[in-house]
Amino acid sequence: MTDTATTEDLAETANTIDETPMPESFTVTVQVRRFNPEVDQETYLQEFQVEMYATDRVLDALHKIKWEQDGSLSFRRSCGHGICGSDAMRINGLNRLACKTLMKDLDVTKPIIVEAIKGLPLEKDLIVDMEPFFAAYREVLPFLMPSGSEPERERIQSPEDRARFDDSTKCILCAACTTSCPVFWTDNQYFGPQAIVGAHRFIFDSRDSGAASRLEVLNSKEGVWRCRTTFNCTDACPRGIQITQAIAEVKQALIRGKI
Ligand code: SF4
Ligand code: F3S
Ligand code: FES
Numbered sequence: 007m008t009d010t011a012t013t014e015d016l017a018e019t020a021n022t023i024d025e026t027p028m029p030e031s032f033t034v035t036v037q038v039r040r041f042n043p044e045v046d047q048e049t050y051l052q053e054f055q056v057e058m059y060a061t062d063r064v065l066d067a068l069h070k071i072k073w074e075q076d077g078s079l080s081f082r083r084s085c086g087h088g089i090c091g092s093d094a095m096r097i098n099g100l101n102r103l104a105c106k107t108l109m110k111d112l113d114v115t116k117p118i119i120v121e122a123i124k125g126l127p128l129e130k131d132l133i134v135d136m137e138p139f140f141a142a143y144r145e146v147l148p149f150l151m152p153s154g155s156e157p158e159r160e161r162i163q164s165p166e167d168r169a170r171f172d173d174s175t176k177c178i179l180c181a182a183c184t185t186s187c188p189v190f191w192t193d194n195q196y197f198g199p200q201a202i203v204g205a206h207r208f209i210f211d212s213r214d215s216g217a218a219s220r221l222e223v224l225n226s227k228e229g230v231w232r233c234r235t236t237f238n239c240t241d242a243c244p245r246g247i248q249i250t251q252a253i254a255e256v257k258q259a260l261i262r263g264k265i
């Protein structure tokens, strides 16, 4: 006996592979809200037909449209795997990442409507100006502010201390939360939920000493008190962060005057 496969073995393997059913493709109607600032006064929906598989994502549909039908379609994406946060958009009215939204999770018998996220200045098609969003994030001082002189070894933290802010470390700055918040839509003074999550990540970090400065920022008229506990932000977050709870913890810290 040898380990070498016989011609019969190979033929049998080939037959087995041939019997594997090919996944079926289907045609999906995708309606994309378009806007070109050089020619359009208003946005409008444009319809495309795209051949898709159940495991394709909305990002794949947008790529097919751009590469095969209309190269002028504009949208942001980078990693393609839910990490970089650059492709948040409204899909059938809900904020989602296009790279994490599978065809099989949508009703593909109806048109899939893809639009830019709301509440930030529209630049082109699915691209918005993210600067107001990042400006709010910068306001809360999103970096570690340790006290004392530089230690000779790493700053030790217990698992319990880490658990206090673990959830808010998962933020990928996609803006799905802030641009789903009705207060943010109607009141461009509000920092929005992401900035509060970004502050929470450091306020409750036992190695940090900047909580008072951040709480002062969030106690301002643009801060946490504008939140009406609508929960849209928590529902929209692709990382599953309990945003409304983080906001409540920041409010409690302000009321009690301690972390
Ligand atoms: Fe995106 Fe969630 Fe971070 Fe908001 S909290 S920016 S939804 S990852
Ligand atoms: Fe807005 Fe979230 Fe509060 S949607 S109102 S920030 S709970
Ligand atoms: Fe990076 Fe979707 S492309 S999160």
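Here the sequence shown stands for residues 7 to 265, where the numbers follow our numbering.
Think of the CB as a built atom: it goes at the ideal place given N, C-alpha and C, for glycine as much as any other residue.
Here the alpha carbons of residue 213 and residue 157 stand approximately 12 Å from one another.
Using a C-beta cut-off of 8 Å, the region 51 to 66 makes no contact with the region 139 to 156, since fewer than three inter-stretch Cβ pairs fall below that distance. Sequence-distant partners of residue 242 (beyond 5 residues in either direction) whose C-beta falls short of 6 Å from its own C-beta, in its chain, are 101, 182, 183, 186. Between residue 63 and residue 52 a beta carbon distance of about 20 Å is seen, past the 8 Å cut, so the two are scored as non-contacting. DSSP assignment within the region 40 to 126 yields the following whole beta strand (DSSP E) runs of 3 residues or more, N-terminal first: 50 to 58, 94 to 97, 100 to 103, 118 to 121. If you compare the alpha carbons of 209, 134, 244, 150 with that of residue 257, the shortest gap goes to 209.
Listed by position along the chain, the residues with Cβ atoms less than 7 Å from a non-hydrogen atom of the ligand SF4 are 91, 94, 176, 177, 178, 179, 180, 181, 182, 183, 184, 199, 200, 203, 239, 242, 243, 244, 245, 247, 249. Distances between the C-beta of residue 159 and the heavy atoms of the ligand F3S are all 8 Å or more.
Residue 97 is positioned such that its CB atom lies closer than 9 Å to that of residue 118. Between the region 131 to 145 and the region 157 to 170 there are fewer than three C-beta pairs closer than 8 Å, too few to call the two in contact.
Residue nearest to residue 174 within the set 196, 224, 255, 238 is 255 (criterion: CA-CA distance).
Closest by C-alpha distance to residue 167, out of 76, 233, 207, is 207. Counting along the chain, residue 129 sits inside no alpha helix (DSSP H); it lies in the beta strand (DSSP E) bounded by residues 128 to 130.
Between residue 199 and residue 265, the gap from beta carbon to beta carbon reaches 9 Å or more. Between residue 95 and residue 123, the C-beta gap is smaller than 9 Å, which places the two residues in contact. Burial check for residue 85: the Cβ neighbour count within 10 Å stays below 16, so the residue is exposed. The C-beta distance from residue 233 to residue 189 rounds to 7 Å, short enough to meet the 8 Å contact threshold.
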